[in-house]
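Peer 1:
What follows is the structure, encoded as structure tokens:
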């Protein structure tokens, strides 16, 4: 069974640009979570999508947004990139219930110059 | 808001030594508890989890953890570590409903010397 996949592996952008990151969940999982792992800040919850809807977001500004498609894959968009957005962005998936175990993908390393 | 504290940021042990990594959380209600591991160059993997029942849970690769509700703790243990256990270890919690996602500790970087 394939795990959570993410693309691209690395992404380099300049300040002010937009970044789009993609995630495909494990087959049968309907919930997708996004986390940011920034140096010195640890792993922080960004967004939760379930059944195509945004269910909750962490303490991040509105320029972090995303969506979930009918096949449950998800996209994270970061607008007006700032230098401090440089981080590893992890996607996780779980079955429908939010408290079920989350399985993580390999991440996308975003570098903002 | 819930928080997770991992006491040791860096731990260095010799092979065959015993391991205990501390994890404390702050949340007044029922929680689900997890330990994840990130081996060098690999992604986060689930080591073990506690939802309910027996507070002593066993995970992969000989790891176990004990949930002590009165101490808000979920410490990770392994009786005899191997060089291949070198990794970053993260404790995480989420509350029933899980709407806030997982709350992670800052992680413990474990180095096992051969």
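Chains as they are written, first to last, in the working numbering: chain A, 1400 to 1512; chain B, 38 to 151.
Note that the Cβ used here is the ideal one computed from N, Cα and C, for glycine as well.
#1: Just the chain D side, please: which residues come within less than 7 Å of residue 1500 of chain A by C-beta, in chain order?
#2: Kindly confirm or deny that the stretch 1455 to 1468 of chain A and the stretch 1428 to 1446 of chain A touch, where touching means at least three C-beta pairs closer than 8 Å.
#3: Leaving out the 5 sequence neighbours to the left and right, which residues in its chain are closer than 6 Å to residue 1466 of chain A when beta-carbon positions are compared?
#4: Taking only the alpha-carbon atoms, compute the straight-line gap between residue 45 of chain B and residue 145 of chain B and give it to the nearest angstrom.
#5: Please classify residue 1468 of chain A as buried or exposed, where buried requires at least 16 neighbouring CB atoms within 10 angstroms.
#6: Looking at the unbroken beta strand (DSSP E) that takes in residue 1447 of chain A, where does it start and where does it end?
#7: Under DSSP, the beta strand (DSSP E) around residue 43 of chain B begins and ends at which residues?
#8: Quick one: what does DSSP say residue 143 of chain B is sitting in, helix, strand or coil?
#9: When you check each C-beta in the stretch 123 to 147 of chain B against every C-beta of chain A, which residues fall closer than 9 Å?
#10: From B:93, B:83, B:118, pick the residue whose C-alpha is nearest to that of residue 48 of chain B; which is it?
#11: Could you tell me which of A:1504, A:1429, A:1419 sits nearest to residue 1448 of chain A, measuring between CA atoms?
#12: Check whether the Cβ atoms of residue 1506 of chain A and residue 1480 of chain A sit closer than 7 Å, and answer yes or no.
#13: How is residue 97 of chain B classed by DSSP in three states: helix, strand or coil?
#14: When you compare only the Cα positions, how much space is there between residue 1421 of chain A and residue 1504 of chain A?
#15: How about residue 127 of chain B and residue 141 of chain B: do their beta carbons lie closer than 7 Å?
#16: May I ask you to list, following chain order, the residues of the stretch 1465 to 1480 of chain A that have a beta carbon less than 8 Å from some beta carbon of chain B?
#17: Rounded to whole angstroms, what's the CA-CA distance from residue 83 of chain B to residue 96 of chain B? Just pull it up for me.
#18: Under 8 Å between beta-carbons, which chain B residues line up against residue 1454 of chain A? List them in chain order, please.
#19: Hey, residue 71 of chain B and residue 129 of chain B: beta-carbon distance below 7 Å or not?
#20: What does residue 47 of chain B touch in chain A if you count any residue whose Cβ is under 9 Å from its own?
#21: Drop a sphere of 10 angstroms on the beta-carbon of residue 120 of chain B, count the other beta-carbons inside from all chains shown, and report buried for 16 or more, exposed for fewer.
#22: Would you give the residue range spanned by the beta strand (DSSP E) that residue 68 of chain B belongs to?
#23: How about residue 1460 of chain A: is its C-beta nearer than 7 Å to some C-beta of chain B?
Peer 2: Checking against the coordinates, here is how it stands:
#1: Although the question refers to chain D, the structure presented lacks it and instead comprises the protein chains A and B.
#2: yes
#3: 1474
#4: 6 Å
#5: exposed
#6: 1441 to 1449
#7: 40 to 43
#8: coil
#9: 127, 129, 131, 132, 133, 134, 135, 136, 137, 138, 139, 140, 141, 142, 143, 144
#10: B:118
#11: A:1429
#12: no
#13: helix
#14: 11 Å
#15: yes
#16: none
#17: 9 Å
#18: 136
#19: yes
#20: By Cβ distance, chain A contributes nothing, its closest Cβ being about 14 Å from residue 47 of chain B, past 9 Å.
#21: exposed
#22: Counting along the chain, residue 68 of chain B falls outside any beta strand (DSSP E), and DSSP gives it neither H nor E.
#23: no
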